[in-house]
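Q:
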Amino acid sequence: MRILCVAEKNSIAKSVASILGGGHFRRRDTKSKYIKNYDFDYDFGGQLGDCNVTMTAVSGHLTEASFPPEYSSWSSVPQEVLFDAQIRISVSKNSAPLADNIRREASNADYLYIWTDCDREGEYIGTEISNVARSGNSRIRVLRADFNNLERTHIIRAARNPRNLNQWAADAVAARIELDFRLGAIFTRIQTLQLQKAFEILKKRVISYGPCQFPTLGFVVDRWQRVEDFLPEQFWSIKLQDRRQAKTVTFNWKRNRVFDHLAALVYLERCLEAKVAKVTNVVQKPKTKYKPLPLTTVELTKLGPKFLRISAKKTLEIAEHLYTNGFVSYPRTETDQFDPGMDLQTLISKQTSDPSWGTFASDLLSGNFRNPRSGSHNDKAHPPIHPIAHVTQNALPSQDHWKVYQFITRRFLACCSDHARGAETIVEVTMGDEQFSQSGLTVLEHNYLDVYIYEKWNSSAQLPVYEMNDEFVPRQVNIIEGATTSPTYLTEPELISLMDANGIGTDATMAEHIEKVQEREYVLKRKRKGKGSGAGVSEFVPTSLGVALVKGYDEIGLEWSLTKPFLRREMEVQLKNIEKGQSSKNVLVEVTLTQFRDVFHLTKTRFECLLRRCKEYLEGQ
DNA sequence: GCAAGGTC
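272 is the number of the first residue of the first sequence in our numbering; add one for each residue after it.
Structure follows, in structure tokens:
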């Protein structure tokens, strides 16, 4: 038998070939400098048996959508025609050499064995590969490998247990491709042409619409608007201070603060009339600081900027590199629960040699191990991100690579250890009718915090001893004054959280959409001004054009506004339904296009809303 | 000159 294996990228082809070939493979060049063909023999067992294998790869998607040439003119083709225009799916220019390679290699193969990543897009890429292979050999039979990391035993198990391509997942992707392409073209063309015509300053600009770009912009404008609208409000609070055992204790008012000065004065008056404060409750209770959940891509892209000061996009790129070199598991995962059958002990044992966290890992193996927490997400394709092999700093190309590897490893070890534990004392006092409280914390066991150095949990100052019903004359009872502070502009982790919560983009593309709205000059990134903890943090503000687009579309029809996340979120839900076999591709495409025909009609008839807003923000003020 | 999703 001759088997053609095709992976989603060269690095996987190379890794799998070296595992299955036992290090004995022959490498042939192809017309693409990124892709090689690896030849070796392998006994797959079962129906396949001993085979001549060629392992090769694509580079992600092979095909792209396009309209036939008669639709390519922006000015002479009415946009609404694109709702019904035929869409061609053809091999993209960049992928042509890869398609040729697959066609040629398939011509004398009995089986095509697909090794694309096991996720929705991977199933679709599998069907792209399969179509190309069949155009070179109509009798070729297709199998699909089920794997989610590059561990030797896992790959061998996958090789011996092929399954079929998942047609439902591939259909969901086909629906997304068609909808994104049509809607992107239709709305980009109408708004670009109309706005270019009306504003000199936009003459050379493409005002693109994308179902992910616009909601991303919407989040930035939304926060900006709240900052704009903010008016500080004065508030008053009562501070109660005691002096005992050479310690000063400040108690916090249960009402926290009031926005009426007179009311605050009345409350203070009552306290003062009472003259003494009385201890009404002393509680001592254990306090737990929970260890983190298993690591997902979204968490990684949020914590990269936060803990490591590496941008979301860079963090992901580095994680991808660590993955393709076999140091960490697949970095694009939504799963925050480890499979119960997973051998965590072996993964931990690979870390015991590390000078920094080796001892911690050893201690986990000799009794400190605790089962990881389970989050609520499972994509059924990839486990949470975790280290596969130990690596030293010298073996990595940069300091940032080391930071990311270290973070992934420390996070994993933290997941496998115990929560941090402490004891909390809460003292409640009453003066007149007003209640106050203060608490003290003693950290007893750091546990996971010993390895997860990114979080801090410190004991507070020890409270002096208070007994129930103690009475004391406070050293000080007075009113303090303050004002509410403005919300701040969106940071990258905040924006990613919003996109994630609303299903805008995938874990792997959120960082790219954030770049796109900056490239289109809808949004600017800048350093936060001022003093304090947030100073120097990167934050996003909309440009005049960004604000004008959002306000214009909101005015056209708030319920359906393209800048709101609802439409995309709904589409994501529908795609999941197709994956589950509960809906079909054609139904989703038809229903969605019908919705968007209405949105398009509204946009066209009320375009003056956009023009007016652009006039206001681009020329006015 | 248009999207979003893969990947280099």
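Virtual Cβ for every residue (Gly too), placed ideally from N, Cα, C.
Can you tell me the Cα-Cα spacing of F837 and H717, whole angstroms?
A: 43 Å
Q: Going residue by residue through the segment 654-719, where are the continuous beta strand (DSSP E) segments of at least 3 residues, counting only ones entirely within it?
A: 691-702 and 705-716
Q: Helix, strand or coil for P611? Go by DSSP, reduced to three states.
A: DSSP, read as helix, strand or coil, puts P611 in coil.
Q: Taking the alpha carbon of G317 as the reference point, which residue from R405, E399, Y305 and A430 has its own alpha carbon closest?
A: A430
Q: Can you find at least 3 beta carbon pairs, one from the segment 674-691 and one from the segment 561-581, that sit closer than 8 Å?
A: Counting Cβ pairs under 8 Å, three or more are found: they touch.
Q: Can Y760 and W495 be called in contact, C-beta distance under 8 Å?
A: For the 8 Å CB-CB criterion, Y760 and W495 form a contact.
Q: Are D417 and R391 close, meaning C-beta to C-beta below 8 Å?
A: no
Q: Between which two residues does the beta strand (DSSP E) holding C389 run?
A: Going by DSSP, C389 is part of no beta strand (DSSP E) at all; its letter is neither H nor E.
Q: Do you know how far the Cα of K787 is from the Cα of L488?
A: 10 Å
Q: Have a look at L881 and G823 and give me their C-alpha separation to the nearest angstrom.
A: The straight-line gap from Cα to Cα measures roughly 4 Å.
Q: Does the Cβ-Cβ distance between H690 and T559 come in under 8 Å?
A: yes
Q: Might you give, ordered along the chain, the residues of its own chain that have their beta carbon closer than 7 Å to the beta carbon of F296, omitting 5 neighbours on each side?
A: Here the set comprises A288, S289, Y309, D310 and F311.
Q: Given a cut-off of 8 Å, decide if V700 and T551 are closer than it, judged by their beta-carbon atoms.
A: yes
Q: Using only the alpha-carbon positions, how far apart do I659 and D741 sit?
A: 58 Å
Q: Could you compute how far the alpha carbon of I785 sits from the alpha carbon of G293?
A: 43 Å
Q: Hey, is N639 close to the ligand GDP, as in C-beta under 7 Å from one of its heavy atoms?
A: Inclusion of the ligand GDP in the displayed structure is not the case, the ligand content being empty and no account of it being possible.
Q: Look at I274 and L319 and say whether their C-beta atoms are less than 8 Å apart.
A: yes
Q: Out of curiosity, what's the CA-to-CA distance linking Y382 and V277?
A: 11 Å
Q: Using 8 Å for Cβ pairs, my map puts I827 next to L859. What's the rounded Cβ distance?
A: So it is not a contact: roughly 25 Å between Cβ atoms.
Q: Figure out for me which residue from D531, A336 and D451 has the closest Cα to the Cα of A754.
A: D531
Q: What does M326 pair with, by DSSP beta-bridge criteria?
A: Answer by DSSP bridge pairing, in chain order: C276 and Y309.
Q: I'd like to know whether the C-beta atoms of E399 and T325 end up nearer to each other than 8 Å.
A: By the CB criterion at 8 Å, E399 and T325 fall outside the cutoff.
Q: Could you pull out every residue in the same chain whose Cβ sits closer than 7 Å to the Cβ of G774, ignoring the five residues on either side in sequence?
A: R839, R840 and E843
Q: Would C885 pass as a contact of F470 if the rule is Cβ separation under 8 Å?
A: yes
Q: For the beta strand (DSSP E) holding R297, just list the boundary residues, first then last.
A: R297 to D300
Q: From A370 to Y384, what distance separates their C-alpha atoms?
A: 15 Å
Q: According to DSSP, which residues form a beta bridge with V413?
A: In the DSSP output, where bridge partners are listed per residue, V413 has L383.
Q: Among residues of its own chain, excluding the 5 on either side of D778, which ones have a beta-carbon nearer than 8 Å to its beta-carbon?
A: Counting only Cβ-Cβ distances below 8 Å, and skipping sequence neighbours, we find T567, T568, V569, T572, R603, T604, E605 and D771.
Q: Pull up the DSSP beta-bridge partners for L635, would you.
A: Answer by DSSP bridge pairing: none, since L635 is not bridged.
Q: Span of the beta strand (DSSP E) holding S337?
A: T334 to S337
Q: How many angstroms separate the CA atom of N408 from the CA atom of A380?
A: Cα to Cα, the separation comes out at about 8 Å.
Q: Buried or exposed: E544, going by 16 or more other Cβ atoms within 10 Å of its Cβ?
A: exposed
Q: Helix, strand or coil for R528, going by three-state DSSP, please let me know.
A: If DSSP states are grouped into helix, strand and coil, R528 belongs with coil.
Q: Measure the CB-CB distance between P565 and Q608 and report whether it falls below 8 Å.
A: Contact check for P565 against Q608 passes: the beta carbons are separated by less than 8 Å.
Q: Can you tell me the Cα-Cα spacing of Y737 and E705, whole angstroms?
A: Roughly 18 Å separates the two Cα atoms.
Q: Would you report the Cα separation of Y676 and S582, rounded to the nearest angstrom?
A: 15 Å
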